[in-house]
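Take a look at the structure below.
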Amino acid sequence: MSTTAVPDVAVAAVNEGFWTRTRKVGLVLVALGLLATVLFGALATGEQARFTLSEDAAGAALEVNGTVGAIVFGLITLAAGAAMLAGLPKRWFIPVLAVGLVAFVFSFLCWQVSAAPTGQNFMPLVNIVRGTFLLALPLIFGSLAGVLCERSGVVNVAIEGQLLMGAFSGALFGSISGSVWVGLIAAAIGGSFISLLLAVFSIRYLVDQVVMGIVLNLLAVGITGFLYERLMQTDAARYNSAPRFSNWEIPLLSEIPVLGPALFRGNIFLYLALLLVLVIHIALFRTRWGLRTRSVGEHPTAADTLGVKVLGLRYRNVIMAGAVAGIGGASYTLALFSFTKNMIGGKGFIALAALIFGRWSPTGALLAALFFGFADQLATYLGAINSVIPGQFLAMLPYLATILAVAGLVGRVRAPAADGKPYIKG
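Here numbering that gives the first Met the number 0 is used: the first residue of the sequence shown is 0, the next is one more, and so on.
Below, the structure written as structure tokens:
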């Protein structure tokens, strides 16, 4: 065995050549660093860019000269790229990449904040962090639903439909009953309904899982759109005026600067999302259920041989995933907005991208969802300070970030081996 391993590694290294993934990413960071240093540095003004530690312009703040900050952070990005081009050890890839990207973002913000109109040249960090988590909530729930399904060997393209059905069910039954808790339960059932259809057709009848997911998304759009026009539009007071969950403040923790007000003065969906990430991660990698789930997603035949009921486990996990996504949909209608047609607006597909970007891990999915949530919040903030960047480009910023992350940053990833492959019991 040892005699063939070394040549294999050598051949792989020769085939990869000089332009390894690290060096390619380094080249991109060098280009971004030059862009930030030259362009952002030239466009920034000499005004102070203020990053306040509160929800407005008052209070303590981190201040930096716009031009100096744009250039310095641009140089940091450039240095990170140069380190990668020099042949950085693999274990340093993620930390150096993170430093380079964060520095690039701050260089961009130094330009934008310093060039903002007088009275608007500040960024309230509490609002940015809070907005990032709020916008990431449906992505967190949706990507967790994807983890549960795809770790079990079922591709879940129907996240969009599960979120939408959850949002609709939460709004409708919450309005009729006048109870947020009834709405929350109804949202979970609504998402589970879409998942049940996915499970039956893909597991029992062996329908192509990707095609089935797209069909279920269209079904959810059709059902919710029809009932919205027949019920909610005609009598919004009765069918589309669900009560809202209030914010719950956690003593002591809510006093932590920046993170405290943003994370520990939130609603139930924020706390539930973070709790589910922790619970699913522990369950997936530290329990018997998790071991069986991963074995079913990797090698269902071997799992079946060892006595695991493959089809039953897949049914349960897919339906449970629908309940999780349904609750994520309710984070819109039981906390923020009234229901409108197709209000999810593609967030289910971004959640699917977060799942891939997070490498089918609950914690990875959380970080990826926050990345996309930040892009969304950043677009909102730039619009509020009358940025010179066109509004149409700002609107597409979250989707552009999704494409760049999945196509350029995620690198080589491997889905569970049995993902999307029907299991036919012998």
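Note that the Cβ used here is the ideal one computed from N, Cα and C, for glycine as well.
C-alpha distance - residue i paired with residue j, whole-angstrom precision
{"i": "L28", "j": "L77", "result": "6 Å"}
{"i": "G390", "j": "A383", "result": "10 Å"}
{"i": "A85", "j": "P256", "result": "38 Å"}
{"i": "G80", "j": "V24", "result": "7 Å"}
{"i": "P260", "j": "N126", "result": "9 Å"}
{"i": "A334", "j": "I267", "result": "9 Å"}
{"i": "A353", "j": "S253", "result": "28 Å"}
{"i": "L396", "j": "V199", "result": "37 Å"}
{"i": "A186", "j": "Y238", "result": "14 Å"}
{"i": "A235", "j": "A41", "result": "52 Å"}
{"i": "T379", "j": "G325", "result": "26 Å"}
{"i": "L108", "j": "L273", "result": "28 Å"}
{"i": "V153", "j": "S386", "result": "43 Å"}
{"i": "A59", "j": "G169", "result": "40 Å"}
{"i": "F244", "j": "V179", "result": "7 Å"}
{"i": "T362", "j": "T66", "result": "36 Å"}
{"i": "L262", "j": "L275", "result": "15 Å"}
{"i": "Q47", "j": "P116", "result": "12 Å"}
{"i": "V214", "j": "L351", "result": "16 Å"}
{"i": "Q119", "j": "A368", "result": "28 Å"}
{"i": "W359", "j": "F370", "result": "16 Å"}
{"i": "G177", "j": "T36", "result": "55 Å"}
{"i": "L52", "j": "K346", "result": "29 Å"}
{"i": "G189", "j": "E54", "result": "36 Å"}
{"i": "V412", "j": "P299", "result": "21 Å"}
{"i": "W288", "j": "S191", "result": "20 Å"}
{"i": "L205", "j": "L271", "result": "34 Å"}
{"i": "E228", "j": "S240", "result": "15 Å"}
{"i": "S294", "j": "N216", "result": "28 Å"}
{"i": "T484", "j": "L183", "result": "Here the chain covers residues 0 to 425 and nothing more, so residue 484 does not appear."}
{"i": "R129", "j": "L305", "result": "47 Å"}
{"i": "F348", "j": "E159", "result": "6 Å"}
{"i": "I423", "j": "L283", "result": "24 Å"}
{"i": "L26", "j": "L61", "result": "31 Å"}
{"i": "T332", "j": "L269", "result": "14 Å"}
{"i": "L303", "j": "P88", "result": "Note that residue 303 is Asp in the sequence shown here, rather than Leu. Rounded to the nearest angstrom, the two C-alpha atoms are 41 Å apart."}
{"i": "L377", "j": "R49", "result": "16 Å"}
{"i": "G311", "j": "I355", "result": "25 Å"}
{"i": "A82", "j": "I279", "result": "36 Å"}
Residue j beta carbon less than 9 Å from that of residue i
{"i": "W91", "j": "F39", "result": "no"}
{"i": "A308", "j": "G224", "result": "First, the amino acid is wrong: residue 308 is Lys here, not Ala. For K308 and G224, no; Cβs fall outside 9 Å."}
{"i": "G321", "j": "I193", "result": "yes"}
{"i": "L491", "j": "V317", "result": "Because residue 491 is not part of the residues shown, which for the chain are 0 to 425, the question remains open."}
{"i": "G165", "j": "A364", "result": "no"}
{"i": "G419", "j": "Q208", "result": "yes"}
{"i": "D375", "j": "L163", "result": "no"}
{"i": "L33", "j": "V323", "result": "no"}
{"i": "A57", "j": "S113", "result": "no"}
{"i": "L230", "j": "G212", "result": "no"}
{"i": "P415", "j": "E149", "result": "yes"}
{"i": "I249", "j": "R264", "result": "yes"}
{"i": "I343", "j": "P137", "result": "yes"}
Three-state secondary structure (DSSP) of residue i
{"i": "V8", "result": "Residue confidence is low: V8 scores 42 on pLDDT, short of 50, so the model does not pin down where it sits. No coordinate-derived value is stated."}
{"i": "L61", "result": "strand"}
{"i": "P250", "result": "coil"}
{"i": "Q161", "result": "helix"}
{"i": "T51", "result": "strand"}
{"i": "T2", "result": "Only weak support is given to the placement of T2: the predicted model assigns it a pLDDT of 44, under 50, and the question is left unresolved by the model."}
{"i": "F103", "result": "helix"}
{"i": "F72", "result": "helix"}
{"i": "R358", "result": "coil"}
{"i": "F121", "result": "strand"}
{"i": "G328", "result": "helix"}
{"i": "R413", "result": "coil"}
{"i": "G173", "result": "helix"}
{"i": "R291", "result": "helix"}
{"i": "G80", "result": "helix"}
{"i": "G145", "result": "helix"}
{"i": "G152", "result": "coil"}
{"i": "G345", "result": "coil"}
{"i": "G265", "result": "strand"}
{"i": "R285", "result": "helix"}
CB-CB length for residue i against residue j, believed under 8 Å
{"i": "F132", "j": "G372", "result": "7 Å"}
{"i": "F338", "j": "F167", "result": "6 Å"}
{"i": "L31", "j": "F103", "result": "5 Å"}
{"i": "L381", "j": "L399", "result": "No, L381 and L399 are not in contact; Cβ-Cβ is about 13 Å, not under 8 Å."}
{"i": "G296", "j": "A417", "result": "6 Å"}
{"i": "R291", "j": "I202", "result": "That belief does not hold up - the Cβ atoms of R291 and I202 are roughly 16 Å apart, past 8 Å."}
Beta carbon proximity, residue i to chain C, threshold 9 Å
{"i": "L147", "result": "No chain C appears in this structure, which consists of one protein chain only."}
Problem - Three or more C-beta pairs below 8 Å linking the region 134-151 and the region 93-102 - result: no
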